[in-house]
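What follows is a set of notes on a single structure, which appears directly below.
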Amino acid sequence: MAEERSFLDDPNPEGRAPMPVERLPMLLSIVEQMDEVLVVLAFTVHAEGVMRSDATFGVWLDESLSHEDKIETLRQLAARLYPVVSPDYYLDLMLISPRDSALWQLATENGDLIFSRDDETLQAQAAIIQSLPPFDEDERDIDVMRVM
Numbered sequence: 013m014a015e016e017r018s019f020l021d022d023p024n025p026e027g028r029a030p031m032p033v034e035r036l037p038m039l040l041s042i043v044e045q046m047d048e049v050l051v052v053l054a055f056t057v058h059a060e061g062v063m064r065s066d067a068t069f070g071v072w073l074d075e076s077l078s079h080e081d082k083i084e085t086l087r088q089l090a091a092r093l094y095p096v097v098s099p100d101y102y103l104d105l106m107l108i109s110p111r112d113s114a115l116w117q118l119a120t121e122n123g124d125l126i127f128s129r130d131d132e133t134l135q136a137q138a139a140i141i142q143s144l145p146p147f148d149e150d151e152r153d154i155d156v157m158r159v160m
């Protein structure tokens, strides 16, 4: 059985310090203010020999947004999160969606849920997903945004 750890308490001595728990309320207050953000997962990324660690987050955004609007929302989110994680971490935002079932499964199995809208909102989004076409390759072209 694999040992599960939170990204906040993963003591990795290979050049990456865990995210201090006192930063979590700041991160959450930022995502709570952005109505387009539905779910945020945090990932612990093992990176040996690096000067700074990765603050990697999977972000599910409102499915009624166009792909371009989702990318712009990720940019806005990155601009708000960057001062919280800098200079100790690189900020990586990964666009995730249940429409991309393989990526969604991988993200939800490996990420720590740190934020989620209420069940009613998520159920409404699930209904939107049912009316949308399958995830296409154009939407997968820009799925990770790194801010340094």
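Numbering of the sequence shown is given in our numbering, commencing with residue 13 and proceeding in unit increments. Think of the CB as a built atom: it goes at the ideal place given N, C-alpha and C, for glycine as much as any other residue.
Item	Value
Sequence-distant residues of its chain with Cβ nearer than 8 Å to L89 (five each side left out)	I42, V43, M46, V49, V71 and L105
Close beta carbons around I126, own chain, < 6 Å, minus the five adjacent residues each side	V52 and A54
Buried or exposed (CB count within 10 angstroms, at least 16 for buried), Q117	exposed
In chain order, each alpha helix (DSSP H) run of at least 4 residues that lies wholly inside the region 69–126	79–97 and 113–122
Supposed close pair D124, Y102 - CB separation, criterion 8 Å	Not confirmed; about 18 Å, so no contact.
Simplified DSSP assignment, three categories, for L36	helix
Neighbour-count burial assignment, I108, 16 or more Cβ in a 10 Å radius	buried
Cβ-Cβ separation, I140 to E75 (assumed contact under 8 Å), whole Å	4 Å
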